[in-house]
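Undergrad: Please read through the structure below; I'll follow up with questions.
2 protein chains.
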Amino acid sequence: MSDKYDANRDRVLRVAAELFAKSGYHGTGITDLGTAVGLGRGALYHYIGSKETILYEISSRQLAQMNTVADELALTEADAEKRLRGLARALMRNIATHRAEWTVFFREYHALTDERRDRIIAGRERYESHWRNALDQGVRDGQFRSLPRLMVKGVLGMFNYSYLWITLDGAESPEEIADDFLDSIIIGMRLRE
Amino acid sequence: MSDKYDANRDRVLRVAAELFAKSGYHGTGITDLGTAVGLGRGALYHYIGSKETILYEISSRQLAQMNTVADELALTEADAEKRLRGLARALMRNIATHRAEWTVFFREYHALTDERRDRIIAGRERYESHWRNALDQGVRDGQFRSLPRLMVKGVLGMFNYSYLWITLDGAESPEEIADDFLDSIIIGMRLRE
């Protein structure tokens with residue numbers, strides 16, 4: 001597909017994310033989306049296909065990017081604490097930059113059916129396992145104290161919940177906020193000498 | 001209103017929360033709800049009124065309970081760390097017990113209009129201020145180190161996000177999980193002597 005096709009598709013997904021975040025997936029019609037992007041139903045179909053495809057693309061894209069970042073960190077950053085910091089900074093930056101997409105992801109992914117839903121859930125589990133691996137390794141390496149089994153859920157919650165409040169024009173950058181949050185936990189988790 | 005009226009109303013709200021959590025607010029019709037609770041449209045209206053009233057009741061009820069608990073703790077528990085622990089335990093227990101309601105709250109409250117939406121937002125802000133007050137007081141009292149401005153969002157995120165995963169039949173009780181999470185943060189926040 002051409003660059004122009006990709007650019008139009010990206011634009012449709014971006015506008016759709018904003019509409020879905022504002023009015024909900026079920027509350028937004030294909031006609032609303034067409035009006036917002038200036039395309040008729042046929043052209044929309046050309047770029048995206050069904051409304052559920054749009055939801056799937058919105059929900060899967062940032063998650064896939066975060067998994068790519070996590071895969072890369074797993075290969076390049078051997079230190080558990082530094083890897084956590086890399087995961088946290090990238091996630092906070094991504095949520096701040098794509099807040100509409102993450103809002104749709106958290107609110108609406110359950111509206112996906114069958115294989116698409118399964119793939120999103122599998123993607124989330126894969127992403128969570130990257131965080132869990134870093135926590136587990138930190139314990140094995142003697143950086144962290146023994147951690148509760150569900151700690152990974154708490155840590156991820158700290159960051160994921162930011163889709164409700166984070167902005168790009170706040171006093172602190174997303175990376176600074178990520179560092180602040182992680183410091184609070186890490187200092188608490190760090191094995192006392 | 002009579003006890004029977006209240007009991008029926010509670011049952012309608014409970015079933016509605018489960019349906020909304022499963023199929024979404026927009027994806028659930030009044031007819032679906034009527035079938036699930038065995039009431040016709042007229043009887044449903046008698047107990048609840050509009051579909052938006054149901055969403056409002058579901059969204060506001062647990063939040064109101066948590067604000068009541070927080071108000072009580074603010075009066076009775078002078079120690080900041082103990083107050084945080086009380087807030088955290090009550091919230092985790094409530095989310096585990098009313099997971100469907102919290103799922104609806106987080107996913108769907110934006111579908112509320114005008115005054116109802118404003119009241120939910122005000123209720124959330126009031127609840128958040130209870131946590132913020134406890135954190136701020138802990139700093140003033142020399143229990144915690146100076147904390148980042150957004151710390152309260154991170155701490156609340158840890159707990160709120162549990163609507164996605166917590167169960168009442170896990171190996172740990174909601175209170176134990178709350179203690180684990182808070183320990184990780186508090187030990188990190190505690191002023192070093």
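As you go down the protein sequences, you meet chains G and Y in turn. Numbering (the UniProt record's numbering) for the first sequence: 1 to 193. Numbering (the UniProt record's numbering) for the second sequence: 1 to 193. Yeah, the Cβ is synthetic: ideal placement off N, Cα and C, and Gly gets one too. Remember, it's a predicted structure, so these values are computed and weren't measured experimentally.
Does the region 32-44 of chain Y touch the region 71-79 of chain Y, meaning 3 or more C-beta pairs lie closer than 8 Å?
TA: no
Undergrad: Listed from N- to C-terminal order along the chain, which residues in the region 115-129 of chain G have their beta-carbon within a distance smaller than 7 Å of any beta-carbon of chain Y?
TA: none
Undergrad: Compute the beta-carbon to beta-carbon distance between T28(Y) and A96(Y), rounded to the nearest angstrom, for a pair I have assumed lies under 8 Å.
TA: The Cβ separation is near 23 Å, so there is no contact.
Undergrad: Who are the near neighbours of R99(G) in its chain, counting only those whose CB is closer than 7 Å to its CB and skipping five residues on each side?
TA: Y163 and I166
Undergrad: Give the list of continuous alpha helix (DSSP H) stretches no shorter than 4 residues that lie fully inside the UniProt DNA-binding region "H-T-H motif" (29-48) of chain G.
TA: For the UniProt DNA-binding region "H-T-H motif" (29-48) of chain G, the full-length alpha helix (DSSP H) segments reaching 4 residues or more read 30-37 and 41-47 along the chain.
Undergrad: Of the residues that make up the region 159-170 of chain Y, which ones have a beta carbon closer than 9 Å to any beta carbon in chain G?
TA: Here the close residues are F159, N160, Y161, S162, L164, W165, I166 and G170.
Undergrad: Mind checking which residues open and close the alpha helix (DSSP H) that includes W131(Y)?
TA: D114 to R140
Undergrad: Alpha carbon to alpha carbon, what distance is there between M158(G) and S50(G)?
TA: 34 Å
Undergrad: Considering Cα atoms alone, identify which of D114(G), L63(G), D118(G) and R132(G) is closest to W102(G).
TA: Measuring from the Cα of W102(G), the nearest candidate turns out to be L63(G).
Undergrad: Could you spell out where the alpha helix (DSSP H) holding W102(G) opens and where it closes?
TA: R99 to E108
Undergrad: For E193(G) and D179(Y), what's the separation of their Cα atoms in angstroms?
TA: With a pLDDT of 42 at E193(G), under the threshold of 50, the modelled position of that residue is not reliable, and no figure is offered here.
Undergrad: So what's T76(G) in DSSP terms, helix, strand or just coil?
TA: helix
Undergrad: Using the beta-carbon of each residue, which ones in chain Y are nearer than 7 Å to H26(G)?
TA: Neighbours of H26(G) on chain Y, chain order: G24, H26 and G27.
Undergrad: Which of the three DSSP states is assigned to T53(Y) in this structure?
TA: helix
Undergrad: Which residues in chain Y sit within 8 Å of L156(G), going by Cβ to Cβ distance?
TA: Y161
Undergrad: Consider the C-beta atom of R132(G) and the heavy atoms of the ligand PLP; say whether any pair is separated by less than 8 Å.
TA: With respect to small molecules bound, the structure shown includes none, and the ligand PLP cannot be examined in it.
Undergrad: With distance defined between alpha-carbon atoms, name the residue in S60(G), A21(G), F20(G) and N8(G) nearest to R117(G).
TA: S60(G)
Undergrad: I need the DSSP call for R149(G), collapsed to helix, strand or coil.
TA: coil
Undergrad: In its own chain, which residues sit with a C-beta less than 6 Å from the C-beta of F181(G), not counting the 5 before and 5 after it?
TA: Correct list, in chain order: M158.
Undergrad: When you compare the region 122-138 of chain Y with the region 75-91 of chain Y, are there three or more beta-carbon pairs, one atom per stretch, that lie closer than 8 Å?
TA: yes
Undergrad: Name the chain Y residues that come within less than 8 Å of M92(G), Cβ to Cβ?
TA: In chain order: nothing, as chain Y lies at least about 10 Å away.
Undergrad: DSSP three-state label for L164(Y), please.
TA: In the three-state scheme derived from DSSP, where H, G and I count as helix and E and B as strand, L164(Y) is classed as helix.
Undergrad: Assign Y109(G) to buried or exposed, taking buried as 16 or more other Cβ atoms, counted over all protein chains shown, within 10 Å of its Cβ.
TA: buried
Undergrad: Which whole-angstrom value describes the C-beta separation of E18(G) and L112(G), a residue pair presumed to lie in contact below a C-beta threshold of 8 Å?
TA: Wrong, their Cβ atoms sit about 19 Å apart, outside the cutoff.
Undergrad: What residue range does the alpha helix (DSSP H) around D169(G) cover?
TA: Careful: D169(G) lies outside any alpha helix (DSSP H) and carries neither H nor E.
Undergrad: Let me see if you follow: with CB-CB separation under 9 Å, is R83(G) close to chain Y or not?
TA: no
Undergrad: Any beta-carbon of chain Y closer than 9 Å to the one on M151(G)?
TA: yes
Undergrad: Can you find a CB in chain Y that lies within less than 9 Å of the CB of F181(G)?
TA: yes
Undergrad: Is DSSP giving Y25(G) helix, strand or coil here?
TA: coil
Undergrad: Considering Cα atoms alone, identify which of T68(G), G170(G), N8(G) and R126(G) is closest to R149(Y).
TA: R149(Y) has its Cα closest to that of G170(G), out of T68(G), G170(G), N8(G) and R126(G).
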